[in-house]
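Mapping of the sequence shown onto the working numbering: residues 1 to 264, in sequence order.
Just so it is clear, CB atoms sit at the ideal spot from N, CA and C, and this is done for glycine as well.
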Amino acid sequence: MTKPDPVLTFLNTRPVEQAEALSQSVREKGHQVLACPTLKICPRSLPQQAGVTLSTFDKVFFISQNAVKQFVDMWQSAYQTHPVFAEKTECFAIGQSTYNAMKALDWPVAKVHSNQYVTEALLQSEVLQNLTDQQCLIVKGKGGRPTLAEGLIAAGATVTEWAVYERVPADFCDAQWQVFRSARHPVLLISSLDAWYGLEKMLKNSGYGSKNDQAWLFLQDVIVFSDRIKHALQQQEWQGRLFVVPQQSNAGILTALEQISIER
């Protein structure tokens, strides 16, 4: 049996708030980690009547782990207590990490199959097929795809969105990028299209956006969070290997890294 290669150089592009636990886990597997967040998380604010209106929703959807964290932080700041959901309310998570964060808070989060943490798959679940007269809340970052809201509305729901944070470009990690660029086996992480677009912009603005630089980058192994990201990179003519995580979590990233190590 082929042994995993312990000399991968992993560029952790996750925001600072989510990066450290992942970096530690990757190091424990014997790999080099370079912290290079492409985005940073900036909190926004809750609606003025959030304390009253939360109890009116039948279903609440959290788009990300960041959405959970920012929602809790803002709620505690505004009301000096943890958010409490009405007995009728059922919560849903987009992404395994989001689900884990919600379970840790003992929220009434629906358990779905591992392949249903992606928006499109979740919308196909039986419980979301007929939402007539249902009030649904989506807790999310500013912007993002309209897919979830459109799907819920198509099923008959009335949808409200609370954007509790926004992702803005981070400062470029020049020193880390130079190490990554010279590594024997670099591996890039792309957890969202926004993160990818942020990295592209940073590279172009920092002197690493030439055709030769792009040609080198597009030959590297990359771990992505969804088939949608994979297809977007393929449309840009990415030539390197693309590994989709089996689940959107640190554990899923580690599984993909192990696969890269073995299949090198």
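DSSP places residue 127 outside any beta strand (DSSP E), giving it a letter other than H or E. Residue state for residue 46 is assigned as coil, using DSSP reduced to three classes. Excluding residues up to 5 positions away in sequence, 41, 66, 69 lie with their Cβ nearer than 8 Å to the Cβ of residue 17 in the same chain. Within the stretch 27 to 94, the runs of beta strand (DSSP E) that reach at least 3 residues and sit entirely inside it are, in chain order, 32 to 35, 39 to 43, 59 to 62, 90 to 93. By the neighbour-count criterion, in which 16 or more other beta carbons inside 10 Å mark a residue as buried, residue 79 falls on the exposed side. Here residue 239 has 218, 219 as same chain residues with Cβ atoms under 6 Å from its own Cβ, once five neighbours each way along the sequence are excluded. Between residue 34 and the set 25, 13, 129, 171, the nearest pair of CA atoms involves 13. The three-state reading of DSSP puts residue 132 in coil, since its state is none of H, G, I, E or B. Counting along the chain, residue 101 sits inside the alpha helix (DSSP H) bounded by residues 96 to 104.
For residue 246, the closest C-alpha among the options 164, 191, 146, 179 is that of 191. The C-beta separation of residue 133 from residue 88 comes to about 12 Å, leaving the pair out of contact by the 8 Å criterion. Relative to the Cα of residue 90, the nearest Cα in the group 81, 106, 211 belongs to 106. Counting only runs that start and end inside the stretch 131 to 197, the beta strand (DSSP E) elements of at least 3 residues fall at 135 to 141, 158 to 169, 186 to 190. Burial check for residue 226: the Cβ neighbour count within 10 Å reaches 16 or more, so the residue is buried. Considering only 216, 84, 201, the residue with the shortest C-alpha distance to residue 53 is 84. With a 10 Å radius around the Cβ and a threshold of 16 neighbouring Cβ atoms, residue 30 comes out exposed. When the beta-carbon positions are compared, residue 11 and residue 135 stay at least 9 Å from each other. Relative to the Cα of residue 94, the nearest Cα in the group 131, 104, 118 belongs to 118.
By the neighbour-count criterion, in which 16 or more other beta carbons inside 10 Å mark a residue as buried, residue 167 falls on the buried side. When beta bridges are read from the DSSP output, residue 221 appears opposite 187. Beyond the five residues adjoining it in sequence on each side, residue 243 comes within less than 8 Å, by CB distance, of 221, 222, 223, 224, 256, 259, 260 in the same chain, given in chain order. About 6 Å separates the beta carbons of residue 254 and residue 25, which is inside the 8 Å limit, making them a contact pair.
DSSP, reduced to helix, strand and coil, places residue 13 outside both helices and strands of the structure shown, so it counts as coil.
If you look at residue 8, you'll find it isn't in any alpha helix (DSSP H); DSSP assigns it neither H nor E. A direct Cα-to-Cα measurement between residue 51 and residue 189 gives close to 37 Å.
When the Cα atoms are used, residue 102 and residue 210 turn out to be separated by approximately 43 Å.
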